[in-house]
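First residue of the sequence shown: -10, per our numbering; consecutive thereafter.
Data first, discussion second: the structure below is written as structure tokens.
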Amino acid sequence: MPQNITNNYNDGFNHDFTDEDAQRLVSIATSPELSPHTCRWVEGGVRCSTAVQGLYFSTHLRELHGIQGIGHRSRGFLCQWEGCSDASPFSKEGLMRHIQERHLLWRWNCPSCGAVFTHQIPRNDHHARCAGVLVN
């Protein structure tokens, strides 16, 4: 029965870790979706200041600040982020994109060339052309 090569090293390190594995790990570690962000939503003159992981910001806005909408066409949400001067009404989804782009400054970098994108999908499309691979 063949033994796993890493067992032969007996030092506790993964010697099969590749450069691609390292790039993927850096991509995960720097993802705005996994990073904590501070909510600066203001209600009744009081700023929220809750630290929220990026993936859960939409849930936070819904559950703590009442930002709820039905579908993409539901409009009427004003941004109450501290210092925001944008007076346009947003759909729930539009408000979330606005907060991600303008206030949380979410950015996705191409792991191959370092180009910076404000949206994940165009970054993935770019990376597919840049490196010939797809990124989740």
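We put the beta carbon where it would ideally sit given N, CA and C, even for glycine.
Next on the checklist: One question on the structure: do T39 and H54 come within less than 8 Å of each other, judged by their Cβ atoms?
Outcome noted: Locating residue 39 in the sequence shown gives position 50, where the first residue counts as 1. Locating residue 54 in the sequence shown gives position 65, where the first residue counts as 1. No, Cβ-Cβ distance for T39 and H54 is not below 8 Å.
Checklist entry - Can you list, in chain order, the residues of its chain whose CB lies under 7 Å from that of A109, leaving out five sequence neighbours each side? => result Within the sequence shown, numbered from 1, the residue matching residue 109 stands at position 120. The sequence given here has Gln at residue 109, not Ala. The answer, listed in chain order, is W97.
Checklist entry - For the alpha helix (DSSP H) that contains A120, what are its first and last residues? => result One-based indexing of the sequence shown puts residue 120 at position 131. Per DSSP, A120 belongs to the alpha helix (DSSP H) from Q109 to A120.
Checklist entry - Helix or strand or just coil, what does DSSP make of T27? => result Residue 27 sits at position 38 when you count from the first residue of the sequence shown. Correct three-state label for T27: strand.
Checklist entry - Any idea what DSSP makes of R91, helix, strand or coil? => result Taking the sequence shown and counting its residues from 1, one reaches residue 91 at position 102. Correct three-state label for R91: helix.
Item to check | Rounded separation between C28 and P78 - CA only | outcome: Numbered from its first residue, the sequence shown carries residue 28 at position 39. Numbered from its first residue, the sequence shown carries residue 78 at position 89. Straight-line Cα distance between these residues: approximately 19 Å.
Checklist entry - Once you ignore the five residues that flank C119 on each side, which residues in its own chain have a CB closer than 7 Å to its CB? => result The residue you call residue 119 lines up with position 130 of the sequence shown. Only C99, S101 and C102 meet the Cβ criterion.
Checklist entry - Which residue comes first and which comes last in the alpha helix (DSSP H) that contains T48? => result Locating residue 48 in the sequence shown gives position 59, counting from the first residue. Residues F46 to H54.
Item to check | Outcome for F6 when other beta-carbon atoms lying within 10 angstroms are tallied against a minimum of 16 | outcome: Translated into positions along the sequence shown, residue 6 becomes position 17. Its Cβ having fewer than 16 others within 10 Å, F6 is exposed.
Checklist entry - Does the separation of the CB atoms of L93 and H26 fall below 8 Å? => result Within the sequence shown, the letter at position 104 stands for residue 93. Within the sequence shown, the letter at position 37 stands for residue 26. Their beta carbons are under 8 Å apart, which means L93 touches H26 by this criterion.
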